[in-house]
Each structure stands twice: as C-alpha cells, then as structure tokens.
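Trainee:
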Amino acid sequence: MEEVQKKKFTGGIHPKDNKELSSGSAIQNAPLFEKYHVILCQHIGAPPKLVVKTGDTVKKGQMIAEPGGFVSAPVHSPTSGTIGKIFDVPGPSGVNQEAVEIIADGQDEWGSGLDPIPDWQNTAPEVLKERIAKAGIVGMGGAAFPTHVKLSPPPAKKIDTLILNGAECEPYLTADHRLMLERPEAILEGASIMARVLGIKNVYIGIESNKPDAIAGLNAKSEPYKVNVVTLKVRYPQGGEKQLIYAVTGRKVPQGMLPMDAGCVVQNVGTAAAIYDAVTQGRPLVERVTTVTGEPVVNPGNWLVRIGTPIADVIRLAGGVSRTPGKVILGGPMMGFAQKSLEVPVMKNTSGILLLDQVDTVQFTSQPCIRCGKCIDNCPMDLLCGTISCFIENEKFDKAEELHVMDCLECGACAYDCPAHRPLVQHVRRAKAEIRARKAKQNPK
Ligand code: SF4
Ligand code: SF4
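What follows is the structure, encoded as structure tokens:
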C-alpha cells in the first residue's frame, strides 16, 4: 500500500544530488580478483577474533573471524582460496587496521556451513535471529551496527514498527536505488523476516520522491508482504533514523533517546536484502552493492563487489578516471570519509566510492563564527551547532556535551552553507571521541 509522509522534520537542506551520473546504471557483478584484503573489524562493537591462519584453505562464505561478544559480528571469506598474510591495511578512518589476505583459487566455491531456511515463516524467531548473527549482517547504510543486536530490544521497550530506510538522501549515491529496482522481492521478504523476529505487523519502507520508479516497483510487489511504501519529500537528511521515524509515523524520538524509545526499529534496504540471502540461501554477508561515481569517473555506475576488494580495483571497474580527482570519499559527500589511500578495501558499509574534482571540494577554514545562525536553521536535530563548535574549539567538551553534541548525526547540513566555512562536523567528531574517551577512563571495564 502506498502512503505519503505524515510529518516533515525541521531544518535540513537541498544539496544538488548528482544522482543522474549513476542511477541509470544497472548493478554489474564485479569479476573475481586474485586477492582480497578483508578487514577484521567492520562493525560497531567488540572486534571479532581470527579463526584462520596463513596457509589455511577456505570456501566462499566460510567464517574467518568469530564474534568477540554479543555486540559483534563474524567475518567471512569473500571467495574460496588460501589465507595469505595477516597484516595491517589502511582503513576507511585513515588508521591502519588488521586484515586477512584471501588468495582466490578461481573456483569461487561456496561453503558457508549455513543451510537455507526456506520455511522461515514457520521457524522460531530466535532461530532466525541467530542466523542473522551468524551471517555477519550489520547495518549496511552507514553505521555498521550488528543487526541481530538491533533486533534484540530490551523487554521493557515495546517495539511495534519496523521502518526500512530507502531514502538514500546522500547526494551521488544510487546503490540502494538500484537494489530497490532490481531486488524488490528480496528487500520485502527480508523485511518480513525481520518483522517475524520482532513479532510485529507494522512495516514501512520510506523512499524519497526522487525515486518514483523504485516507489512504483516496490508498491506493485508489496501486497503479499504487507509492507507499506511511504513516499518522502526530498530533503537532506531524510534518511536520518529520527527524521525517518518522524516522517513515517509522526513520532518524535526525544534528545538523548533511541528509535526503540519511540517503538521503532530502522534498517537499511540493503540490510533487508542481505537478511533474505542469509536466511533463504544460507549466504553470509560477503558482497554488497557499491556506487562508483563522481565527475572524474569514466563510467560511473553500481557494482556488486566482494567485501575486501581494494577501492583502486573498484574504480578500475568503472573505467578509471579521466582526470586526477581532488578527493576520494568512501560514502557520500555529506557524511562520507575522505581517503588518502586507494588500498582501503570495501567494507560491509561501503555504500559508495565518490571521486570529486578539486573545484567541488569544500575547503574548511578556521575563520571565526559570525553568529549568522544558518547552521542552526539547517540542523535537523535542533542543535546549537555554531555555539557547540566554538566550545569545542576552546576544548570545553563538557559544555558541548551539555548542548547535546552526542545527538549530532554528523550529517553536515550545518557546514553546508556556513559563510565562515567552519569545519563543524570535524569539531563534532573530535568532541565525541574526546567525551567517549573520558567516559571510558572514568568507567574502565
Ligand atoms: S553558519 Fe557558520 S558562521 Fe553562521 S553561526 Fe553557524 S558556524 Fe557561525
Ligand atoms: S550539528 Fe550535527 S545534526 Fe546538526 S546539522 Fe550539524 S552535523 Fe547535522
């Protein structure tokens, strides 16, 4: 059933989306490469523990690292072959991370050890949740939070609504759009599996109105799955969890609270498709759809790539570049992370690889804030962004915390048209890291 959004969040911006560069390009399967570099810790939570060693042979989908706790996720081999080096590679945050080299044997032979569960409708929710955990599914829209944990709310939190995030409000990115066009049934069935795990009936999928073909396609198939397709206004960051919940249900998630405090669980459409693969096919998360785009890219498009593929190889799939880019970003231009190395491998949450011309990159400065208030008008979380930024500049992190800096989405809407070009999101990231480090010091485990 098709619906329109109930509420419109305050703030937000309308950046040029540039999605036309890749939205018409159907998902292409990346060929098998000779080597993959699979980073071990690809999620929020405890790092997983390596269970293979150099020289071991592995099948595609075989676990190579087991979860390091409940809030953790296993990691699986993206193809069959031999374990090469265990070494450090550049990670998306710029810090080196431990990775496993997989040397492909060319057979690409599955061996996950997970049997398909075709009759999931009559399978216990706990068994389905365990499968989602064993398949290493994490939030594929950006945060990489282990999905089985999100599907395990405390008993005191009454969940009645699941919302699939198909907004894809970040400029340039089109991976979710193509997935919704090309695998609507996998997404809808994945949503139904999650609804069974949560024991709920209200399921929505929110999609921005700039993807009318995806809205029509999902709506045409949604009836048997009892999923409501909600058309959302185009407004960045419509895909923020709290903004999406407000738009779809009219419920506000108060500052400092989580979606489950409003009775909701939000999952990305890619995560839903991965759950379908894990449950009905017995396939762990070893590949994902990634957009390769930007003006310097010769053939922008969308590729199904194995986790662990160095981004240099993925850019080559898109024909390489016609000129030297000014910046390479993992993710979109608003929330993505600029990269120094093209050896960084694709991770479970790599939604896109964006190459920008120098002229399109924002040069942040440390000019003083002129108190124009634009950032506050743009902020979807009603934060006093400019004031918070000044406190952080002066290392007054406790003051920034009092002004709810931890609620910041890092969406970048505040910095979008700051006339002083202040690095507002970088300030927030610094403050969050500082506050978390201070808390960890105060409460050592
Ligand atoms: S938009 Fe920039 S200059 Fe204006 S108040 Fe915010 S931080 Fe200050
Ligand atoms: S303060 Fe945070 S939530 Fe508000 S606009 Fe800036 S980045 Fe987005």
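First residue of the sequence shown: 39, per our numbering; consecutive thereafter. Positions of the beta carbon are idealized from the N, C-alpha and C atoms, including for glycine.
Can you say whether Ser-61 is buried or exposed, counting buried as having 16 or more other CB atoms within 10 angstroms of its CB?
Mentor: Ser-61 should be labelled buried.
Trainee: Taking 7 Å as the cut-off, is the beta-carbon of Pro-418 closer than that to any non-hydrogen atom of ligand 2?
Mentor: Yes - ligand 2 has a heavy atom lying nearer than 7 Å to the Cβ of Pro-418.
Trainee: Less than 8 Å separating the beta-carbons of Gly-228 and Met-218?
Mentor: No. Outside cutoff.
Trainee: For Ser-468, I'd like the list of residues in its chain whose CB is within less than 8 Å of its CB, leaving aside the five on either flank, ordered along the chain.
Mentor: Rather than Ser, the amino acid found at residue 468 in this sequence is Arg. Excluding residues within five positions, the ones whose Cβ falls inside 8 Å are Ile-430.
Trainee: In the structure shown, what three-state DSSP assignment does Ile-82 receive?
Mentor: Ile-82: coil per DSSP, three-state reduction.
Trainee: Using the DSSP secondary-structure output, state which residues sit across from Pro-192 in a beta bridge.
Mentor: Pro-192 is not bridged to any residue.
Trainee: Assign Phe-375 to one of three DSSP states: helix, strand, or coil.
Mentor: Reduced to three states, the DSSP call for Phe-375 is strand.
Trainee: For ligand 2, any of its heavy atoms closer than 7 Å to the Cβ of Leu-462?
Mentor: Leu-462 Cβ: within cutoff of ligand 2.
Trainee: Just checking my contact of Gly-339 with Ala-356 at CB under 8 Å: how many whole Å lie between their CB atoms?
Mentor: Right, their Cβ atoms sit about 6 Å apart.
Trainee: Once the 5 residues before and after Ser-190 are set aside, which same chain residues still bring their CB inside 6 Å of it?
Mentor: Hits under 6 Å: none found.
Trainee: Roughly how many whole angstroms lie between the Cα atoms of Glu-41 and Val-265?
Mentor: Distance between the alpha carbons of Glu-41 and Val-265: 11 Å.
Trainee: Are there any heavy atoms of ligand 1 lying less than 7 Å away from the beta-carbon of Ala-458, as far as the coordinates show?
Mentor: Yes.
Trainee: One question on the structure: do Gly-390 and Gly-364 come within less than 8 Å of each other, judged by their Cβ atoms?
Mentor: Contact flag unset, no.
Trainee: Taking just the CA atoms, how far does Gly-177 sit from Gly-202?
Mentor: Gly is not the amino acid found at residue 202; the sequence shown has Leu there. For Leu-202 and Gly-177, the distance between alpha carbons rounds to 11 Å.
Trainee: May I ask you to report which of helix, strand or coil DSSP gives Pro-548?
Mentor: Only positions 39 to 483 of the chain appear in this structure, which leaves residue 548 out of reach.
Trainee: What does the Cβ neighbour count give for Arg-476, buried or exposed, with the cut at 16 atoms within 10 Å?
Mentor: When all chains shown are included, Arg-476 counts as exposed.
Trainee: To the nearest angstrom, how far is the alpha carbon of Ile-121 from that of Thr-388?
Mentor: When rounded, the distance between both Cα atoms is 23 Å.
Trainee: Could you name the residues of the same chain whose beta carbon sits closer than 7 Å to that of Ala-489, not counting the 5 residues immediately before and after it, in chain order?
Mentor: No answer is possible for residue 489: the residues shown for the chain start at 39 and end at 483.
Trainee: Quick test of your reading: Val-268 and Tyr-242, contact by CB under 8 Å. State the CB separation rounded to the nearest angstrom.
Mentor: Yes, they are in contact, since the Cβ atoms of Val-268 and Tyr-242 sit about 5 Å apart, within 8 Å.
Trainee: Since Leu-236 is in the alpha helix (DSSP H), which residue starts that stretch and which ends it?
Mentor: 222 to 236 is the span of the alpha helix (DSSP H), which, as asked, contains Leu-236.
Trainee: Flag this pair as yes or no: are the beta carbons of Val-324 and Lys-98 separated by less than 8 Å?
Mentor: In contact: Val-324 and Lys-98 (Cβ atoms closer than 8 Å).
Trainee: Looking only at its chain, what residues have a beta carbon closer than 6 Å to the beta carbon of Gly-119, apart from the 5 residues adjacent to it on each side?
Mentor: Correct list, in chain order: Ile-140, Ile-141, Ala-142 and Asp-143.
Trainee: At which residue ranges does the segment 48 to 96 contain complete beta strand (DSSP E) runs of 3 or more residues, listed in the order of the chain?
Mentor: Runs found: 73 to 77.
Trainee: In terms of residue numbering, what span does the beta strand (DSSP E) encompassing Leu-270 cover?
Mentor: Note, Leu-270: beta strand (DSSP E), 266 to 270.
Trainee: What is the rounded straight-line gap between the Cα of Lys-172 and the Cα of Ala-162?
Mentor: Their backbone Cα atoms lie some 16 Å apart in a straight line.
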